[in-house]
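Below is one structure, written out as structure tokens; the observations come after it.
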Amino acid sequence: MPCLRSILILATTTTTLLTTTNALPHCGANQTASSEDPYCQTLPPDAIPAPITPPTPADGVPDIVIKSNCDFPVYLREVIAGTEQNSIHPFGPDGEDILITPGEVWTSMFYWPNLGISIKLSRDPWVVGEPQPLITQLEYTWEPEPQNLWYDISDIDCYDTRYPGEHGTDCPFFEDGVLLRSESECRVLKCFPLEDDCKDAYIYPNDDWETKCCTGKPVHLFADLCAKNVGEVMGVEEEEGAFFDDVDGEDPEARYLADQQADAVF
19 MPCLRSILIL ATTTTTLLTT TNALPHCGAN QTASSEDPYC QTLPPDAIPA
69 PITPPTPADG VPDIVIKSNC DFPVYLREVI AGTEQNSIHP FGPDGEDILI
119 TPGEVWTSMF YWPNLGISIK LSRDPWVVGE PQPLITQLEY TWEPEPQNLW
169 YDISDIDCYD TRYPGEHGTD CPFFEDGVLL RSESECRVLK CFPLEDDCKD
219 AYIYPNDDWE TKCCTGKPVH LFADLCAKNV GEVMGVEEEE GAFFDDVDGE
269 DPEARYLADQ QADAVF
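Residue numbers for the sequence shown follow the numbering used here, beginning at 19 and rising by one.
Shown next, in the form of structure tokens:
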């Protein structure tokens with residue numbers, strides 16, 4: 019069964035455009051902030067939501083494998099779409115950042131059926147009381163029926179529209195590239211090193227053509243951070259840099275334009 023956009027539940031609903039004038043602080047566990055009250059406030063005991071228990075791992079349950087080829091540490095957080103940033107504490111013990119060290123491979127089975135998941139990646143840690151750091155997001159939604167996996171890369175929260183030609187230079191992996199793929203026959207998403215306007219990533223909230231779908235039990239996602247350094251990617255032997263070659267042997271720009279035309283029918 020083909021993927022239908024009418025039933026799409028996007029992880030991008032977690033994305034918020036942050037600027038120096040309206041950025042809310044990142045609050046600690048059991049704290050919250052809002053546009054009406056932009057300071058961290060401790061929630062009363064009766065207002066603290068109960069933790070959500072994820073599904074029991076089983077055959078066919080999706081996972082995401084992230085490999086860091088970077089020479090710097092990467093800080094990670096996982097969030098469920100449509101929830102407050104501190105409402106379910108999905109980030110690890112006591113709500114701290116997950117640290118991925120250079121060369122580390124990190125795996126998560128973090129998902130809820132039919133709900134969007136956002137994996138937020140930054141060069142800088144989240145600091146209580148400070149604005150969210152600049153992030154790139156890997157986003158996905160798993161629909162058990164009819165077995166659709168929707169996935170995308172989002173640079174919305176690090177893309178600066180004020181400076182033409184330097185829009186994406188503050189994104190965490192601007193200099194080194196990032197890659198997201200599912201099973202072998204599914205579309206590979208690639209942000210090339212030094213690519214200011216990544217053609218495979220969300221830049222604006224309405225860039226919905228950047229969300230791709232894989233159907234028929236594509237339950238694994240693989241991501242490479244700083245992918246320009248990849249010689250062997252997720253056990254697949256490649257010549258250095260070859261992972262950024264177009265998988266279909268097509269010109270990436272031509273493929274991008276063709277994708278836009280195809281997506282326009284939805």
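We put the beta carbon where it would ideally sit given N, CA and C, even for glycine. Only a predicted model underlies this, so the values are computations on that prediction, with no experimental measurement involved.
Output the boundary residues of the beta strand (DSSP E) element that contains I135. The residue labelled residue 135 in the question sits at position 117 within the sequence shown. I135 -> beta strand (DSSP E) spans 135 to 140.
Inter-residue Cα distance where the pair is G147 and I98:
On the sequence shown, position 129 is the one that residue 147 refers to. On the sequence shown, position 80 is the one that residue 98 refers to. Between the C-alpha atoms of G147 and I98 there is a straight-line separation of about 21 Å.
- Would you call T125 buried or exposed, if buried means 16 or more other Cβ atoms sit within 10 Å of its Cβ? Translated into the one-based positions of the sequence shown, residue 125 becomes position 107. Classification for T125: exposed.
- prompt: Thinking just about the alpha-carbon of each residue, which of I118, R141, L198, D89 is nearest to the one in A219?
  reply: Along the sequence shown, one-based indexing puts residue 219 at 201. For the options I118, R141, L198, D89, the alpha carbon positioned closest to that of A219 is the one of L198.
8 Å contact criterion, which E161 and D170 should meet: CB distance rounded:
Walking along the sequence shown from the start, residue 161 turns up at place 143. Walking along the sequence shown from the start, residue 170 turns up at place 152. The C-beta distance from E161 to D170 rounds to 15 Å, too long to fall under 8 Å, and the pair is not in contact.
DSSP has V97 in a bridge; who is on the other side? Stepping through the sequence shown from its first residue, residue 97 is reached at position 79. DSSP lists S136 as partners of V97.
- Query: Which residue from P131, Y93, G134, I153 puts its Cα closest to that of T119?
  - Reply: Here the question's residue 119 lines up with position 101 in the sequence shown. It is Y93 whose Cα lies nearest to the Cα of T119.
Pull the bridge partners of C231 from the DSSP assignment, please.
Here residue 231 corresponds to residue number 213 of the sequence shown, with the count starting at 1. DSSP lists W168 as partners of C231.
Nearest-angstrom Cα separation, counted from L207 out to A245: Looking up residue 245 in the sequence shown gives position 227. Looking up residue 207 in the sequence shown gives position 189. Taking the straight line from one Cα to the other gives about 12 Å.
Q: Give the DSSP bridge partners of R199, in chain order.
A: Stepping through the sequence shown from its first residue, residue 199 is reached at position 181. Looking at the DSSP assignment, R199 forms a beta bridge with F240.
Residue nearest to K230 in terms of C-alpha spacing, selected from T159, E163, V123: Numbered from 1 along the sequence shown, position 212 holds the residue referred to as residue 230. Distance check between K230 and each of T159, E163, V123 places T159 closest, using alpha-carbon atoms only.
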